[in-house]
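Protein chains in written order, with my numbering: chain A, 23 to 233; chain B, 3 to 584.
This is the structure in structure tokens:
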């Protein structure tokens, strides 16, 4: 909704993001938020195989306060959602803080033709992240060291989640506290188990939710 | 000769009079009372730091121990006030450093505080006890270190919602090992790594009078039990991150720690919540009177379970994940509820992401007899719901409704919401604060002007049809102190016709309305005790024709004259600006 005097675009100030209505971007891959244990559900997620034939036309709607992702069906109906009005709705800095730390990292899967991106700030635990990656790359199986049980195998190939940290080293996901991981993770790679030679099996956690 | 009580007796009597209003009344009785009162006033509240100068305050009240100052206009919270606008506290601190060596308390809201200010405070006030920086900015952890190191009598350090620069340096460790007088610490606004946990634990352990402790997000869940263990006397606790992979040992430690805190009445924090850990707090919930879940992404079913354990709750802040069903549960569980705030989880989303409507608010208003204060974000409303609320809750004193899409009509009748808000002001005779939203014509302002006699603060956005709307408010609302308006078709006529009213108010904000430069100049010229400030980032205003509308306008009464610390994009309209530009 534009304001009275016809201004459509938010002011660009030092910290603000420019309105990206005119930006050419790739097709909307769908939500990456998790439904499982209480984290807000927003729209549909699309598995890896579903994204292959997607046509172009993203409209990631960003603003000073962070991301506001939009469902694919909605996006198809209205390519540019309503213009962001400065200071409306009147939400305080808390909104800024809730969405400010928005940490998108690339996710590569061995054998996949292109990468995905996930926002690590959307999750609070490793379990949530891995579940979400499972959904995103539904045709693959991710070895879940944390619960120490294999997931249902679809095509018999297992993947080990690894990440590149700030020092450039490739690490096994799950060793350090979650928040520390979020801060140091630069990108994720789901490595084929057969290639993960030399990575010792992780010592089981002190106490798993199963016991 | 007139009989009068000795000064000392009067002074003793006055010492029982604490409220500012009463003190002001006392000082106006006669000259001797004015003199006695000014020498024994210890606490000053200045709602607009530009309404008066430090020098004037110090001259009148030489023995002040406690000062509270507010700077930027309220709409600065929503990014409507550009950076650099003002609100600097340094001139105040600098003058008070010399004049009030025994100053004990400084409370600031929406002001720019620098490290230099903090260092000056640390150096100048030997008995300094309370520092509250509410929604302030401009300082870093270095400034905090100075406070920690020097203020040996510090009781309260509250940085709520301030923007602090993290320069590292472990500022918390600057509290000496001998320092034990902390009663209240709120560092919830600090970012990731600004606090050393071991220093925090030691500090908490040795400050046995600690009653309030609000941690920041960086403090992990598994540290909470340890911290609480050192402070079982806490009354008000804010967690850090409240999420981690579920581990039984951590859970049971937490549960033990919370049940030992028998005095706990208020909880907040709850970043990154993992709901499985919430039951650890259930024992403490039964005594809770205040709960702030506005950072917590907890879904309605978990919230309902939680709320059943909180029968004594008086104050709840929550995200709209609570949904109508959760609010119904709240209505049946929490009969003592006085204040409810529901914030949007996805304020910029186009479609609703949760099932929260006006029904949730109605159910709480119907069932909670003590409800006085409401802040509610939703996506639809009806006149019927508002009328129901008004008729059943005439004791409301604060009602702030934000229907997220501007100019949204009554979803049942497609009419404006004039009648609904009209009912609110008509029935809620003690209403002091009101925020409007939705589709509104001039009629709602007619109702407000007619009924809202106790209204002190009104916020208006995307409403009204003509100057008549503004005129109704300015001419009718006798108690009005603060008026803030954005994106309304209000122009010169109402403003100029009610110029005198503006001197009875603290301030008026108008942005994206239809007030012209000419009118601002005229107002500034005619009303020397008003500062008429035009904010326009696109260039100097004197090059504009008089008919051009101003972008943003901030008018406030002042005995200090125009201020000198304005940035280039702010201009005071006064006699000088009325001169023609050659």
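Note that CB positions come from ideal geometry on N, CA and C, so glycine has one too.
Computed from a predicted structure; not experimentally measured.
*Provide the residue span of the beta strand (DSSP E) that contains residue 559(B), from first to last.*
In the second chain, counting from the first residue as 1, residue 559(B) sits at position 557. Here the beta strand (DSSP E) through residue 559(B) covers 554-559.
_With H, G and I counted as helix, E and B as strand and the rest as coil, what does DSSP make of residue 192(A)?_
Locating residue 192(A) in the first chain gives position 170, where the first residue counts as 1. Here residue 192(A) sits in strand by DSSP.
*From this set, 358(B), 96(B) and 345(B), which residue's C-alpha is nearest residue 327(B)'s C-alpha?*
Taking the second chain and counting its residues from 1, the one referred to as residue 327(B) is at position 325. Nearest option by C-alpha distance: 358(B).
*My guess is that residue 308(B) and residue 290(B) are in contact by the Cβ rule of under 8 Å, so how many angstroms apart are they, rounded?*
Here residue 308(B) is taken as the residue at index 306 of the second chain, counted from 1. Here residue 290(B) is taken as the residue at index 288 of the second chain, counted from 1. Incorrect: roughly 10 Å between the Cβ atoms, too far for contact.
*Can you check DSSP and say which residues form a bridge with residue 511(B)?*
Here residue 511(B) refers to the residue found at position 509 of the second chain. Residue 511(B) pairs with 486(B) and 556(B).
*Pairing CB atoms from the stretch 505-518 of chain B with CB atoms from the stretch 560-575 of chain B, are three or more of them under 8 Å?*
no
*Does the distance from the CB of residue 136(B) to the CB of residue 163(B) come in under 8 Å?*
The sequence position of residue 136(B) within the second chain is 134, counting from 1. The sequence position of residue 163(B) within the second chain is 161, counting from 1. Cβ distance < 8 Å, so residue 136(B) and residue 163(B) count as in contact.
*State the Cα-Cα distance for the pair residue 142(A) and residue 203(A), rounded to the nearest angstrom.*
Within the first chain, residue 142(A) is the residue found at index 120, counting from 1. Within the first chain, residue 203(A) is the residue found at index 181, counting from 1. Residue 142(A) and residue 203(A): Cα-Cα distance of roughly 9 Å.
_Measuring straight from C-alpha to C-alpha, what distance separates residue 54(A) and residue 197(A)?_
Numbered from its first residue, the first chain carries residue 54(A) at position 32. Numbered from its first residue, the first chain carries residue 197(A) at position 175. With a pLDDT of 38 at residue 54(A), under the threshold of 50, the modelled position of that residue is not reliable, and the figure given next carries that caveat. Distance between the alpha carbons of residue 54(A) and residue 197(A) is about 23 Å.
_Rounding to the nearest angstrom, what Cα-Cα distance links residue 194(A) and residue 183(A) in this structure?_
Your numbering for residue 194(A) matches position 172 in the first chain. Your numbering for residue 183(A) matches position 161 in the first chain. Rounded to the nearest angstrom, the two C-alpha atoms are 6 Å apart.
*asked:* For residue 199(B), would you say it is in contact with chain A, using Cβ-to-Cβ distances shorter than 8 Å as the test?
replied: Counted from its first residue, the second chain places residue 199(B) at position 197. Output row for residue 199(B): interface = no.
*asked:* I want to see whether chain B comes within less than 8 Å of residue 131(A), judged by CB atoms only; does it?
replied: Position 109 of the first chain holds residue 131(A). Chain B, which has no Cβ nearer than 8 Å to the Cβ of residue 131(A), makes this no.
*Determine contact between the stretch 126-145 of chain A and the stretch 367-378 of chain B, defined as no fewer than three beta-carbon pairs at a distance below 8 Å.*
At 8 Å Cβ cutoff, the stretches do not touch.
*What's the gap between the Cα of residue 210(B) and the Cα of residue 223(B)?*
On the second chain, position 208 is the one that residue 210(B) refers to. On the second chain, position 221 is the one that residue 223(B) refers to. In a straight line, the C-alpha of residue 210(B) is about 23 Å away from that of residue 223(B).
*Looking at the C-beta of residue 140(B), does it have a partner C-beta in chain A at a distance below 8 Å?*
Stepping through the second chain from its first residue, residue 140(B) is reached at position 138. Judged by the 8 Å Cβ criterion, residue 140(B) is not in contact with chain A.
*So, is the C-beta of residue 108(A) closer than 8 Å to a C-beta in chain B?*
Along the first chain, one-based indexing puts residue 108(A) at 86. It does: the Cβ of residue 108(A) has a partner Cβ on chain B nearer than 8 Å.
*asked:* Whole angstroms are fine: how far does the CA of residue 108(A) sit from the CA of residue 39(A)?
replied: By one-based count along the first chain, residue 39(A) stands at place 17. By one-based count along the first chain, residue 108(A) stands at place 86. Because residue 39(A) sits at a pLDDT of 45, beneath the cut-off of 50, its placement in the model cannot be relied upon, and the following sentence gives the value as read from the coordinates. Their Cα atoms are separated by approximately 12 Å.
_According to DSSP, simplified to helix, strand and coil, what is residue 213(A)?_
Position 191 of the first chain, counted from the first residue, corresponds to residue 213(A). Three-state result, residue 213(A): strand.
_Runs of 4 residues minimum, wholly inside the stretch 250-328 of chain B: which ones carry the alpha helix (DSSP H) assignment?_
For the stretch 250-328 of chain B, the full-length alpha helix (DSSP H) segments reaching 4 residues or more read 250-262, 284-287 and 302-309 along the chain.
*Whether residue 341(B) touches residue 317(B) by CB criterion (8 Å)*: Along the second chain, one-based indexing puts residue 341(B) at 339. Along the second chain, one-based indexing puts residue 317(B) at 315. In contact: residue 341(B) and residue 317(B) (Cβ atoms closer than 8 Å).
*Taking C-beta pairs closer than 7 Å, name the residues in chain A that residue 346(B) reaches, listed in chain order.*
As a first step, residue 346(B) must be located in the second chain, where it is residue number 344. Simply 111 and 113.
*Amino acids of chain B, ordered along the chain, whose beta-carbon sits closer than 7 Å to that of residue 148(A)*: On the first chain, residue 148(A) is found 126 positions in, with the first residue counted as 1. Residues of chain B passing the Cβ test: 247.
*asked:* Out of 345(B), 31(B), 279(B) and 205(B), which one is the CA nearest neighbour of residue 241(B)?
replied: Working through the second chain from its first residue, we reach residue 241(B) at position 239. When each option's Cα is compared against that of residue 241(B), the closest is 279(B).
*Straight-line CA distance for residue 116(B) to residue 421(B)?*
Looking up residue 116(B) in the second chain gives position 114. Looking up residue 421(B) in the second chain gives position 419. Spanning the two alpha carbons is a distance of roughly 48 Å.
*Which residues, in chain order, does the stretch 189-213 of chain A contribute to contact with chain B at a C-beta distance below 8 Å?*
Only those residues of the stretch 189-213 of chain A whose C-beta falls short of 8 Å from the nearest C-beta of chain B are listed: 199, 200, 201 and 205.
*When you check each C-beta in the stretch 379-405 of chain B against every C-beta of chain A, which residues fall closer than 7 Å?*
Per Cβ criterion, the list reads 379 and 404.
*Taking the beta strand (DSSP E) that residue 153(B) falls in, what are its first and last residues?*
For this step, residue 153(B) is matched to residue 151 along the second chain. Per DSSP, residue 153(B) belongs to no beta strand (DSSP E) and is neither H nor E.
*Taking the beta strand (DSSP E) that residue 355(B) falls in, what are its first and last residues?*
Start at 1 with the first residue of the second chain, and residue 355(B) comes out as number 353. Counting along the chain, residue 355(B) falls outside any beta strand (DSSP E), and DSSP gives it neither H nor E.
_Cutoff 6 Å; reference residue 294(B); Cβ partners in own chain excluding five residues on either side_ = Here residue 294(B) corresponds to residue number 292 of the second chain, with the count starting at 1. These residues qualify, in order along the chain: 270 and 319.
_I believe residue 410(B) touches residue 382(B) by the beta-carbon criterion, under 8 Å. Please report the beta-carbon distance rounded to the nearest angstrom._
As a first step, residue 410(B) is located in the second chain; it is residue number 408 there, counting from the start. As a first step, residue 382(B) is located in the second chain; it is residue number 380 there, counting from the start. At roughly 7 Å, the Cβ-Cβ gap stays under 8 Å, so residue 410(B) and residue 382(B) are in contact.
_residue 65(A), DSSP secondary structure in three states_ = In the first chain, the residue the question calls residue 65(A) occupies position 43. Here residue 65(A) scores only 37 on pLDDT, less than 50, and its place in the model should not be relied on; the value that follows carries that caveat. Residue 65(A): coil per DSSP, three-state reduction.
*Indicate the three-state DSSP secondary structure (helix, strand or coil) for residue 55(A) in the structure shown.*
Taking the first residue of the first chain as 1, we reach residue 55(A) at position 33. Reliability of the predicted coordinates at residue 55(A) is poor, the pLDDT of 38 falling under 50, and no value is obtained from them.
*Tell me where the beta strand (DSSP E) around residue 573(B) begins and ends.*
One-based indexing of the second chain puts residue 573(B) at position 571. Per DSSP, residue 573(B) belongs to the beta strand (DSSP E) from 572-575.
*Measure the C-alpha to C-alpha separation of residue 442(B) and residue 482(B) and round it to an integer number of angstroms.*
Start at 1 with the first residue of the second chain, and residue 442(B) comes out as number 440. Start at 1 with the first residue of the second chain, and residue 482(B) comes out as number 480. Distance between the alpha carbons of residue 442(B) and residue 482(B) is about 20 Å.
*Measure the Cβ-Cβ separation of residue 44(B) and residue 67(B) and say whether it is below 8 Å.*
Walking along the second chain from the start, residue 44(B) turns up at place 42. Walking along the second chain from the start, residue 67(B) turns up at place 65. A contact, by the Cβ cut-off of 8 Å.
*residue 519(B) CB to nearest chain A CB: under 8 Å?*
Taking the first residue of the second chain as 1, we reach residue 519(B) at position 517. No, residue 519(B) does not count as interfacial toward chain A.
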